[in-house]
Amino acid sequence: MKIIQMPANAGYGGMPLHVLTLARGLIMRGHEVEILSMSDGPMIEKYKADGLAVTVVPGLGRRMGGNPLAWLRAEKFVRDVIASRKPDIVHSHGPRAHLFAALALRGNSRVPLVATAHGSFSQFALGHELEFGSLHKCLRKLKYKSMDRLTGRFADRFIAVSEAGRRDLIEGAGVPALKVELIHNGIEEQKIDPAQSQDLRREFGCQTGDKLTVFVGRLAYHKGAGFFADAAGEVSRRLPNTRFVMVGEGPMETELRRRSEVVPLAERLIIAGRREDAVAVIAAADLFVLPSLSEGLPLTLLEAAMGGRAMVASDVGGIPEIVRDGETGLLTPPGDKRALTGAIKRLLINKAEREGMGTAARHLWSREFIADKMVDRLEELYANIL
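Take a look at the structure:
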């Protein structure tokens, strides 16, 4: 098959990484894959490094913008690319990619459209509840809901990456249930050298017997970055042999760096910024924490499960499908600082429980969230549509 993958952006994040994993798997199965990205960004070089043909839609940038002429030019560009490549399938990722793919394929019944919803409009509203004013939040929720509804009309299949996302598409956006497929994200295994883990622990100031807790994600309110820092402060007061590391970039970075310089977090909380070795950092940890207010199916939790790490995370979106409470980790109510602090303390103190959950998480990843299983299901879906 000849397949065009259309990511909505090429920034660092779960969705562009998912597209790369999917493209790799499809090529290994003998398919021809091209990336048609709706914006430029750092992931473009990663796509090219894998030998993928990449085309970037000019003039849009990361944000959608309000220039109708730019939209018309972008639509024509996408349409011309699709017409010249003559793909068997177009697969879009993210709302604006869905929109431009649907517009470009109008009247072209020969090329099916598959669209993956990596998040949901209701999760977006929950996660940004305190970041935006009520009017702004309502308008953005309406916009994303309308785009999901429109995509549901034009796409041949709509893929949800979690059961929560599937329900959201059907019950919230009114997408016909027969059009919605649940296909979990999957990640490739990455082998970590134990010596690298020890080097990382030393880099982060861990002494013998210290416990290391890690957060990887955008340093933003909806990812729970502030809640992680709050919990780190409380745990540090009660458990002196603890260290905390936050990997990522975002709007809260300056504030978090300032907080990390003040007791009790001084020398205990490290803001590590964006790192290429984030998976190795997770593997070096004793515990992985993601206190998000909204999520689809976060790849960082899959990376923690792959590395055999117990997890503490919020009970939102698709998270409970990875963090199974009491089995692979502990779930806490979103925004509940006290519950988050208690869950982190519990697992840092109880080594047997923590390591048992890590082993269970590894087994869960190998059963349900490996990349090969995801690619197999998508390849089968493409073939069935054709």
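In the working numbering, the protein residues as written are 135 to 520. Built from N, CA and C at the ideal position, the CB exists for glycine as well.
By a C-beta neighbour count over all protein chains shown, 10 Å radius and 16 as the cutoff for buried, is G148 buried or exposed? One-based indexing of the sequence shown puts residue 148 at position 14. Classification for G148: buried.
With DSSP run on the structure shown, which of helix, strand or coil describes F422? To locate residue 422, count along the sequence shown from 1; it is residue 288. If DSSP states are grouped into helix, strand and coil, F422 belongs with the strands.
When you compare only the Cα positions, how much space is there between F292 and A418? The sequence position of residue 292 within the sequence shown is 158, counting from 1. The sequence position of residue 418 within the sequence shown is 284, counting from 1. As the crow flies, the alpha-carbon of F292 is around 37 Å from that of A418.
Option in L421, E168, G430, E461 with minimal Cα separation from R301: Mapped onto the sequence shown, residue 301 falls at position 167. Nearest C-alpha to R301: G430.
What is the DSSP secondary structure of E110, counted as helix, strand or coil? An answer regarding residue 110 cannot be provided, because it is not within the stretch 135 to 520 covered by the chain.
Taking all protein chains shown into account, do 16 or more other C-beta atoms lie within 10 angstroms of the C-beta of D506, making it buried, or fewer, making it exposed? Counting from one through the sequence shown, the residue named residue 506 turns up at place 372. Per the 10 Å Cβ criterion, exposed.
Going by other Cβ atoms of all chains shown within 10 Å of its Cβ, with 16 needed for buried, is A144 buried or exposed? Reading the sequence shown from its first residue, position 10 is the one you call residue 144. Sixteen is the threshold: when 16 or more other Cβ atoms of the shown chains lie within 10 Å of the Cβ of A144, as they do, the residue is buried.
Return the chain-ordered list of same chain residues with a C-beta closer than 8 Å to the C-beta of M445, the five sequence neighbours on each side being excluded. For the purposes of this step, residue 445 is taken as the residue at position 311 of the sequence shown. L421, F422, V423, L424, L435, A438, A439, I456, V457, T462, G463, L464, M491, A495, listed in sequence order.
Q324 versus R409 - alpha carbon distance: As a position in the sequence shown, residue 324 is number 190, starting the count at 1. As a position in the sequence shown, residue 409 is number 275, starting the count at 1. If you take the alpha carbons of Q324 and R409, they lie about 16 Å apart.
Along the chain, which unbroken stretches of the beta strand (DSSP E) at least 3 residues long are found entirely within the stretch 447 to 513? Correct list: 463 to 466.
Which whole-angstrom value is the C-beta distance of V369 and K479, which I expect to be below 8 Å? Numbered from its first residue, the sequence shown carries residue 369 at position 235. Numbered from its first residue, the sequence shown carries residue 479 at position 345. Right, their Cβ atoms sit about 6 Å apart.
Please report the straight-line C-alpha distance between V153 and V295, rounded to a whole angstrom. For this step, residue 153 is matched to residue 19 along the sequence shown. For this step, residue 295 is matched to residue 161 along the sequence shown. C-alpha separation (whole angstroms): 13 Å.
My guess is that L160 and E513 are in contact by the Cβ rule of under 8 Å, so how many angstroms apart are they, rounded? The residue given as residue 160 occupies position 26 in the sequence shown. The residue given as residue 513 occupies position 379 in the sequence shown. The distance from the Cβ of L160 to that of E513 is about 7 Å, consistent with a contact at the 8 Å cut-off.
Could you name each continuous alpha helix (DSSP H) segment of 4 residues or more that falls completely within the stretch 221 to 257, going from the start of the chain to the end? DSSP runs (the alpha helix (DSSP H)) wholly in the stretch 221 to 257: 229 to 238.
I'd like to know whether the C-beta atoms of K357 and G320 end up nearer to each other than 9 Å. Working through the sequence shown from its first residue, we reach residue 357 at position 223. Working through the sequence shown from its first residue, we reach residue 320 at position 186. It is not a contact, given that the beta carbons lie outside the stated cut-off.
Spatial neighbours of E166 in its chain, beta-carbon cut-off 6 Å, leaving aside the 5 residues before and after: Counting from 1 along the sequence shown, the entry for residue 166 is found at position 32. So the qualifying residues of the chain are K136.
For N201 and D214, what's the separation of their Cα atoms in angstroms? As a working note, residue 201 is residue 67 in the sequence shown. As a working note, residue 214 is residue 80 in the sequence shown. Whole-angstrom Cα-Cα distance: 20 Å.
With 16 other Cβ atoms within 10 Å as the buried cut-off, status of T493: Your numbering for residue 493 matches position 359 in the sequence shown. With fewer than 16 Cβ atoms within 10 Å of its Cβ, T493 is classed as exposed.
Exposed or buried, what is A298 when buried is set at 16 or more other beta-carbons lying within 10 Å of its beta-carbon? The residue given as residue 298 occupies position 164 in the sequence shown. Burial call: buried.
Cutting at 7 Å between CB atoms, please list the residues of its own chain near D364, excluding the five before and the five after it. Mapped onto the sequence shown, residue 364 falls at position 230. Exclusion of the five residues before and after D364 leaves K471 as the residues of its chain whose Cβ lies within less than 7 Å of its Cβ.
Look at the alpha carbon of C340 and the alpha carbon of L373, and state the distance between them as a whole number of angstroms. As a working mapping, residue 340 is identified with position 206 in the sequence shown. As a working mapping, residue 373 is identified with position 239 in the sequence shown. About 14 Å.
Does the structure place the stretch 205 to 214 close enough to the stretch 233 to 240 that three or more beta carbon pairs sit under 8 Å? Output reads yes: the stretch 205 to 214 touches the stretch 233 to 240.
From this set, A477, M162, L403, which residue's C-alpha is nearest D449's C-alpha? As a first step, residue 449 is located in the sequence shown; it is residue number 315 there, counting from the start. With distances taken between Cα atoms, D449 lies closest to A477.
DSSP three-state label for I304, please. Working through the sequence shown from its first residue, we reach residue 304 at position 170. If DSSP states are grouped into helix, strand and coil, I304 belongs with the helices.
Cβ-based neighbour list, S426, same chain, cut-off 8 Å, excluding 5 preceding and 5 following: Working through the sequence shown from its first residue, we reach residue 426 at position 292. Same-chain partners within the cutoff: G261, G351, H356, K357, G358, P432, A447, S448, V450, G451, I453, P468.
So, using beta-carbon positions, are R224 and I138 closer together than 9 Å? What you label residue 224 is simply residue 90 of the sequence shown in a count that begins at 1. What you label residue 138 is simply residue 4 of the sequence shown in a count that begins at 1. Going by the sequence as given, residue 224 is Val instead of Arg. Against a cut-off of 9 Å, the Cβ pair of I138 and V224 comes out as a contact.
CB-CB length for E168 against T189, believed under 8 Å: Against the sequence shown, residue 168 aligns to sequence position 34. Against the sequence shown, residue 189 aligns to sequence position 55. In this structure E168 is in contact with T189, their Cβ atoms being roughly 7 Å apart against a cut-off of 8 Å.
For the beta strand (DSSP E) containing L520, list its first residue and its last residue. The count along the sequence shown starts at 1 and reaches residue 520 at position 386. Element bounds for L520: n/a, residue is neither H nor E.
Taking the C-alpha atoms as reference points, what is the distance between L605 and A157? Given that the chain is displayed from residue 135 to residue 520, the structure contains no residue 605 and the question cannot be resolved.
If distances are taken between C-alpha atoms only, which option among M162, R377, G253, L498 comes closest to G442? As a first step, residue 442 must be located in the sequence shown, where it is residue number 308. Closest option to G442, Cα to Cα, is L498.
Can you tell me whether K345 is buried or exposed? The criterion is at least 16 other CB atoms within 10 Å of its CB, across all chains shown. Locating residue 345 in the sequence shown gives position 211, counting from the first residue. Classification of K345: buried, given that the 10 Å Cβ count is 16 or more.
To which residues does DSSP link M445 through a beta bridge? Walking along the sequence shown from the start, residue 445 turns up at place 311. Its beta-bridge partners are F422, G463.
Could you pull out every residue in the same chain whose Cβ sits closer than 6 Å to the Cβ of L403, ignoring the five residues on either side in sequence? On the sequence shown, residue 403 is found 269 positions in, with the first residue counted as 1. Hits under 6 Å: A366, F378, S394.
Candidates S331, A289, Q332, L334: closest to L312 by CA position: As a working note, residue 312 is residue 178 in the sequence shown. When C-alpha distances from L312 are compared across S331, A289, Q332, L334, the shortest belongs to A289.
How far does the alpha helix (DSSP H) with F292 in it extend, from its first residue to its last? Indexing the sequence shown from 1 puts residue 292 at position 158. Note, F292: premise wrong, no alpha helix (DSSP H); beta strand (DSSP E) at 291 to 294.
Those runs of the beta strand (DSSP E) which lie wholly inside the stretch 295 to 361 and span at least 3 residues: DSSP runs (the beta strand (DSSP E)) wholly in the stretch 295 to 361: 314 to 316, 345 to 350.
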